[in-house]
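Colleague:
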Amino acid sequence: MGYGRIMFSLAAYARSLDPRLKMVTALVLGPCLWKIHVLGVLVCCLLLLALAWRLSLARPLGLKMLNSLTLFVMFWVLMKIVLDGLTGVPVEFVVRDALELGARLVALLALGLSLSLSTSPRALGLAVAWAIRPLVGKERAWRLALALALMIHFLPTCLATMAEVREVAKRRCPDLGFMGRFRTVPQAVIRNLGQKTWNQTLAVAGRRLDEPSAWESDFVWTVQDTISSLVFLTVIILLFIL
Numbered sequence: 050m051g052y053g054r055i056m057f058s059l060a061a062y063a064r065s066l067d068p069r070l071k072m073v074t075a076l077v078l079g080p081c082l083w084k085i086h087v088l089g090v091l092v093c094c095l096l097l098l099a100l101a102w103r104l105s106l107a108r109p110l111g112l113k114m115l116n117s118l119t120l121f122v123m124f125w126v127l128m129k130i131v132l133d134g135l136t137g138v139p140v141e142f143v144v145r146d147a148l149e150l151g152a153r154l155v156a157l158l159a160l161g162l163s164l165s166l167s168t169s170p171r172a173l174g175l176a177v178a179w180a181i182r183p184l185v186g187k188e189r190a191w192r193l194a195l196a197l198a199l200m201i202h203f204l205p206t207c208l209a210t211m212a213e214v215r216e217v218a219k220r221r222c223p224d225l226g227f228m229g230r231f232r233t234v235p236q237a238v239i240r241n242l243g244q245k246t247w248n249q250t251l252a253v254a255g256r257r258l259d260e261p262s263a264w265e266s267d268f269v270w271t272v273q274d275t276i277s278s279l280v281f282l283t284v285i286i287l288l289f290i291l
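Residue numbering for the sequence shown follows our numbering, beginning at 50 and increasing consecutively.
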């Protein structure tokens with residue numbers, strides 16, 4: 050019960066942070082996950098997975114989205130094992146490198162999923178527009194912000210669609226077999242995503258998000274954001290020390 054309350058508070062805290070702070074943290078921590086020691090990666094992996102799990106509970110198919118990420122990581126870990134095995138690498142190094150790759154992928158994907166689940170795509174788009182407006186101008190800034198917002202929105206949409214299609218295939222076609230699902234599921238996912246893309250285009254036009262006025266930011270930096278930024282900076286420095 051105590052653990053659940055802590056994770057609930059952590060998820061609420063993540064949602065309340067300034068989108069600009071979360072965006073910068075993800076942009077800095079993401080590349081660091083490929084450079085820091087594996088122990089630091091494991092710590093980040095556990096924390097980010099716990100955060101992504103708690104945030105995903107607010108979505109109808111949140112846990113299935115995490116399962117889809119697990120399958121993605123398992124695929125690349127197996128590919129790493131096969132390719133290293135074919136090149137004659139000793140077994141102990143094959144297993145170690147594959148597990149390390151899996152940990153880094155899990156941490157990176159959990160970071161991206163936590164960002165997309167704790168912040169609305171439009172809020173992140175506003176943060177991007179605020180950051181790049183002095184560099185590229187107002188006209189280009191809102192277009193780039195809209196593109197990024199759509200991309201961020203598409204990540205959980207893809208995972209949810211994949212989970213939905215797999216669930217439907219499991220219930221309606223229980224005798225389809227592995228190869229049948231291997232052929233059918235990707236086709237159904239692509240068709241569903243095509244329909245969702247069209248609906249998303251209509252939603253953008255209906256809410257007038259394709260106009261510069263929709264991307265004028267009104268952020269307020271608080272004391273909580275200042276303290277959090279210092280904490281995140283300290284954590285990143287400690288990860289490199291480990």
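All C-beta atoms in this analysis are idealised placements derived from N, C-alpha and C, irrespective of residue type, glycine included. Nothing here was measured: the structure is a model prediction, and the numbers come from that model.
Given this structure, state the Cα-to-Cα distance separating Ser169 from Gly134, to the nearest angstrom.
Modeller: So the two alpha carbons sit approximately 43 Å from each other.
Colleague: Along the chain, where does the alpha helix (DSSP H) containing Val155 start, and where does it finish?
Modeller: Val140 to Ser167 is the extent of the alpha helix (DSSP H) around Val155.
Colleague: On the three-pair Cβ rule with 8 Å, is the segment 172-184 touching the segment 156-163?
Modeller: Verdict: no, contact absent.
Colleague: Hey, Ser105 and Leu115: beta-carbon distance below 8 Å or not?
Modeller: Closer than 8 Å, so yes.
Colleague: So, with DSSP's three-state summary, where would you put Trp270?
Modeller: Coil at Trp270, not helix or strand.
Colleague: Counting Cβ pairs closer than 8 Å, one from the segment 133-152 and one from the segment 221-237, do we hit at least three?
Modeller: Taking 8 Å as the limit for Cβ pairs, the verdict is that the segment 221-237 does not touch the segment 133-152.
Colleague: What residue from Val155, Leu78 and Trp191 has the CA that sits closest to Leu95's CA?
Modeller: Selected option, being the one with the closest Cα: Val155.
Colleague: Please name the residue in Thr283, Val138, Ala196 and Asp267 whose C-alpha comes closest to that of Thr250.
Modeller: Answer by Cα proximity: Ala196.
Colleague: Roughly how many angstroms lie between the CA atoms of Ala244 and Thr74, to the nearest whole one?
Modeller: Correcting the residue identity first, residue 244 is Gln in this sequence and not Ala. Approximately 33 Å between the Cα atoms of the pair.
Colleague: Would Trp83 and Arg153 qualify as a contact pair, given that the criterion is a beta-carbon distance under 8 Å?
Modeller: Going by C-beta atoms, Trp83 is nearer than 8 Å to Arg153.
Colleague: What number of angstroms, rounded off, separates the C-alpha of Leu208 from the C-alpha of Arg240?
Modeller: The alpha-carbon atoms of Leu208 and Arg240 are separated by roughly 14 Å.
Colleague: Would you decide whether Met211 is buried or exposed? Buried here means 16 or more other CB atoms lie within 10 Å of its CB.
Modeller: Answer is buried; the Cβ neighbour count reaches 16.
Colleague: Classify Cys94 as helix, strand or coil using the three-state DSSP reduction.
Modeller: If DSSP states are grouped into helix, strand and coil, Cys94 belongs with the helices.
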